[in-house]
């Protein structure tokens, strides 16, 4: 039976067991395919209350539209999979969009965007046992370290235990580390200077009782030539964090292309910049990103 986006509320209310059945039937694949590279589309922003995209403050609040864009992105050649929270991954499961794709679950979403407790980023999403039960292919967590906020210690400790739990199940875990601070308006902002990214990589690489299944998800610094020394901080495999394309997408794509040549970099994870590009051409934005690999 083919399920459409319009069918999802009915299926969820009348046959919730269909989600588990779809998870058990799903055709899986290795994390790295024949190309040895990884292109993942990220869509875990809504669970943090971060709904803005493409200049629209509530763009990602329309679930049907988000799913349409995700299904289109996943259908493009060279796209390996998706990173999302349980609700979105389960919608995609029901739609059949995860067949032969990598499905990564987002684990800590408790540090709501703009909240006073944002640095205390609790694990309110997937647990390691959930990812194993649903036959997903790995997990991702966000590690923001604000030296002036004691809540960061809770996140650091929980991250280390998540590293252990995922390694016990031989599931890859993508750790996205930042040194962060509060700005003059009280907002938590990430420092993407080479020194800060280097330090965050060093901290993230040493978490847990083993790093065998740990991957890094790192931002690209403003000067792509600085990324080489940054990533020499660790031998762990890394993917690039594809941030906002801004007013000059060509310049951003140039930085991504340069950093993708580094030996520890295995691929790219990008979300809103590809799903909600300025010209609204999702296929074109995704194809351009795939071409960088």
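Numbering (UniProt numbering), first residue to last: 1 to 293. We treat Cβ as the ideally placed atom computed from N, Cα and C, and that holds for glycine.
Three-state class that DSSP yields for residue i in the structure shown
i, result
"residue 232", "coil"
"residue 95", "helix"
"residue 191", "strand"
"residue 34", "coil"
"residue 177", "strand"
"residue 202", "helix"
"residue 39", "strand"
"residue 274", "helix"
"residue 267", "strand"
"residue 291", "helix"
First through last residue of the alpha helix (DSSP H) which encompasses residue i
i, result
"residue 166", "151-168"
"residue 3", "Note, residue 3: premise wrong, no alpha helix (DSSP H); not H, not E."
"residue 73", "63-75"
"residue 249", "249-259"
"residue 58", "Counting along the chain, residue 58 falls outside any alpha helix (DSSP H), and DSSP gives it neither H nor E."
"residue 133", "128-133"
When the options are compared against residue i, the one with the closest alpha-carbon
i, options, result
"residue 101", "225, 28, 145 and 208", "28"
"residue 58", "46, 144 and 11", "46"
"residue 56", "277, 111, 281 and 289", "277"
"residue 67", "34, 115 and 96", "96"
"residue 76", "52, 234 and 287", "287"
"residue 267", "273, 290 and 254", "290"
"residue 271", "262, 146, 228 and 53", "53"
"residue 134", "13, 26 and 281", "26"
"residue 112", "282, 51, 147 and 195", "51"
Counted within 10 angstroms of its Cβ, other Cβ atoms place residue i as buried (16 or more) or exposed
i, result
"residue 116", "exposed"
"residue 294", "Coverage of the chain is limited to positions 1 through 293, which leaves residue 294 absent and any answer about it impossible."
"residue 200", "buried"
"residue 21", "exposed"
"residue 35", "exposed"
"residue 170", "exposed"
Rounded Cβ spacing between residue i and residue j (contact assumed at less than 8 Å)
i, j, result
"residue 128", "residue 139", "7 Å"
"residue 108", "residue 142", "6 Å"
"residue 179", "residue 162", "That pair is no contact at about 19 Å."
Residue range of the unbroken beta strand (DSSP E) whose run includes residue i
i, result
"residue 103", "102-106"
"residue 222", "Element bounds for residue 222: n/a, residue is neither H nor E."
"residue 22", "Run containing residue 22: none in the beta strand (DSSP E); it sits in the alpha helix (DSSP H), 17-25."
Within-8 Å CB hit, residue i to chain C
i, result
"residue 252", "No chain C is part of this structure, which consists of one protein chain only."
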